[in-house]
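Using the numbering used here, you'd call the opening residue of the sequence shown number 121 and step up by one each time. The structure appears right after this line, and notes come after that.
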Amino acid sequence: MSIGRRPPGSAETTSGRASVLCGLGGWVPQRIVTNEELSRRLDTTEDWIITRTGIGERRAVDPGQATSDLAVAAGSRALRSAGGETPDTVIVATTTPDRPCPATAPLVAARLGMRGVAAFDVSAVCTGFVYGLATAAGMIAAGVSQRALVIGADVYSSIVDPDDRTNAIIFGDGAGAVVLRAGDPDELGALGNFVLGSDGTGEHLITIAAGGSRQRSSGQPPTRGERHFAMQGKEVFRQAVTHMSSSARASLAAAGWQPDEVDRVVAHQANLRILRSVADNLGIDRDRCVSHLVDVGNTGAASIPLALDHAAANGTLRPGQRVLLTAFGGGLTWGSCVLRWPDIDRGTEHGGER
């Protein structure tokens, strides 16, 4: 639907061809990192962690496991859920690729039995999955792709300093995936009304200083701090609430939906206070927000698809419900979109090794 001039960074579904969500899968590593374990090591308490973040535990990979391993596990579940044709496009949204070069997606595609398909990574930090959805939707709308596998996967335990109390309590490892197919805009599961944005003047707020051409060309060895993930929490909180709220409003307006018509909000699982603040800003009841934080923490680009997988498994998401997706991440980047939840055959698998 059109409401006149669209906001910068927005895109509407074309009238003749939409991307329809038809498969879903998630996977998290077996190893559980509890608040008790972290509190013993980081001079804090379990109560402080849960009060500050809403996180009860998070998952971490075993030695030798990489982002591609998680992506393959989640992707295979999404493909089994979707059935039907093999995708011709594979997109992996991640901040923790197996290597700086090449991209992780071609390896993931090959391990899933797909050679000769388009495969590439999307780097938008925690907004990566929404950017990946928008990219796949654009390819489907243009007729470049008929069916796409979009995966969000991150191994934050590989980039977060284990002794950094501020960040070590927040992040976990995981992967989530969806399959999109070409379909009709009126179908359940049709994605639409994407609103994307960025502000590079805030790049310093969420960053890993070392490893790229900027640091390498300096000729100076990186410090310990430069090798690890760094985030300026208070300002990130403010920016996240502001931009998720504004992009969500624009997406809802483009769809012609009122906030009180939204059945479920699935936001990037940053922390519980951010989720609640976004809901309050939008005027949506907090109990309509899907949250998986308590079990897995902030899993970066994997957080939205993992939350979708969890909510679909426990019945929180039901066919026909109006669903808002919204995310914020480093860059700075942000994005939102909407869909009416489809009837997905997920089988008996859910969420990873338990």
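The C-beta atom is built at its ideal place from N, Cα and C for all residues, glycine as well.
For R137, the secondary structure class from DSSP, reduced to helix, strand or coil, is coil. For Q335, the CB contacts under 8 Å within the same chain, skipping 5 residues up- and downstream, are A329, P342 and E346 in chain order. DSSP, read as helix, strand or coil, puts I394 in helix. Excluding sequence positions up to five before and after S278, its CB lies within less than 7 Å of the CB of T216, all in the same chain and listed in chain order. By the neighbour-count criterion, in which 16 or more other beta carbons inside 10 Å mark a residue as buried, T154 falls on the exposed side.
Rounded to whole angstroms, the gap between the alpha carbons of A229 and A213 is 13 Å. In this structure, the beta-carbon distance from L452 to D319 falls below 8 Å. Linking I260 to A180 through their CA atoms gives a straight-line distance of about 34 Å. One alpha carbon belongs to H430, the other to H412, and they sit about 7 Å apart. Selection D463, A295, T446 and P462 evaluated against G455 yields T446 as nearest (Cα-Cα). Just so you know, the alpha carbons of F357 and G145 end up roughly 29 Å apart.
Rounded to whole angstroms, D407 and S337 show a C-alpha spacing of 49 Å. In this structure, the straight-line span from the alpha carbon of L402 to that of A427 is close to 20 Å. Contact check for N418 against A390 passes: the beta carbons are separated by less than 8 Å.
Just so you know, the alpha carbons of D281 and D293 end up roughly 14 Å apart. Between R344 and V299, the gap from beta carbon to beta carbon reaches 8 Å or more. Boundaries of the alpha helix (DSSP H) harbouring L158: N155 to L162, taken from the DSSP string. Its chain contains D383, R384, R460 and W461 as the residues whose beta carbon lies nearer than 8 Å to that of Q441, once the 5 sequence neighbours on both sides are disregarded; these appear in chain order. The alpha-carbon of G184 is positioned some 24 Å away from that of V210.
Cβ-Cβ distances below 8 Å link R231 to S188 and V192 in the same chain, with the five nearest sequence neighbours on each side left out; the list follows chain order. For H363, the closest alpha carbon among the candidates H388, E381 and R160 is that of H388. Membership of N418 in any beta strand (DSSP E) is not indicated, and neither H nor E is assigned to it by DSSP. For R178, the uninterrupted beta strand (DSSP E) segment begins and ends at E177 to A180. A straight line joining the alpha-carbon of W377 with that of A223 spans about 38 Å.
A350 counts as buried, since no fewer than 16 other beta carbons sit within 10 angstroms of its beta carbon. Taking C-beta atoms as the reference points, V361 and S397 count as a pair closer than 8 Å.
Per the C-alpha coordinates, the member of V237, D306 and I394 positioned closest to D208 is V237. A422 places its beta carbon 8 Å or farther from that of G176. In this structure, C457 places its C-beta atom within 8 Å of the C-beta atom of G312. If only complete runs of 4 or more residues are kept, the stretch 302-377 shows the alpha helix (DSSP H) at 333-336, 344-347 and 353-375, in order along the chain. In the three-state reduction of the DSSP assignment, W168 falls in the helix class. When rounded, the separation of the alpha-carbon atoms in L325 and I170 is 24 Å. One alpha carbon belongs to A254, the other to F314, and they sit about 7 Å apart. In the structure shown, A193 falls within a helical segment according to DSSP collapsed to helix, strand and coil. Contact check for S139 against A257 passes: the beta carbons are separated by less than 8 Å.
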